[in-house]
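Beneath this line is the structure, given in structure tokens, with notes to follow.
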Amino acid sequence: MSAWADALTFGRLLTALIFPWSVVRGGCFPLALFALAAASDFIDGRLARRAPNPTRHGAVLDTLADVAFVLAGTVSSSVVGLTTWAVPASIVLSAGSYALASVRLTAGAPQPELARSTVGHAAGVCNYVCVGVVTGA
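Just so we're aligned, residue 3 is where the sequence shown starts under our numbering, counting upward by one.
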């Protein structure tokens with residue numbers, strides 16, 4: 003199941019690469035890509051948690067895919083004038099804060115750890131909602 007979760011996560015990374023082009027192009031394609039990315043994020047998490055041996059690289063990859071997709075969406079929305087540049091800047095600041103917290107948590111640990119919190123998870127969901135709203139616009 004971990005391999006399937008990782009495959010979905012890689013797919014979300016690819017979606018992040020083509021999402022900006024789709025937003026600038028317009029039409030229904032950005033909504034389809036957003037739905038695909040959101041569904042893959044939901045499903046890969048479920049698959050990874052059910053895997054007998056979830057991998058640490060999968061959790062890091064999932065986080066990178068989330069940040070990449072949300073940044074692709076918010077930067078694209080800023081380029082086409084739907085949001086201010088403060089939106090992607092705030093995403094960069096929050097991702098940087100998360101990365102620093104993870105580095106601090108890992109200091110002296112035998113293996114890298116990701117800083118996890120309920121507030122952080124809620125913020126990640128809100129970031130996806132933000133991308134969804136501007137994509138729908």
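Where a beta carbon is used, it is the ideal one built from N, C-alpha and C, also for glycine.
One alpha carbon belongs to residue 22, the other to residue 81, and they sit about 9 Å apart.
The beta-carbon separation of residue 15 and residue 138, rounded to 23 Å, does not stay under the 8 Å limit for a contact. In the structure shown, residue 126 falls within a helical segment according to DSSP collapsed to helix, strand and coil.
Within the segment 59-110, the alpha helix (DSSP H) runs of at least 4 residues that lie entirely inside it are, in chain order, 88-108. Secondary structure of residue 17 (DSSP, three-state): helix. Cβ neighbours of residue 63 within its own chain (closer than 7 Å, five residues either side excluded): 8 and 11. Between residue 119 and residue 57 the beta-carbon gap is near 21 Å, outside 8 Å, which marks them as no contact. Contact between residue 72 and residue 93 holds: CB atoms are separated by about 6 Å, below the 8 Å threshold. The DSSP-derived three-state label of residue 33 is helix.
The three-state secondary structure of residue 119, taken from DSSP, is coil.
A contact is defined here as three or more CB-CB pairs under 8 Å, and the segment 123-136 meets this definition with respect to the segment 36-45.
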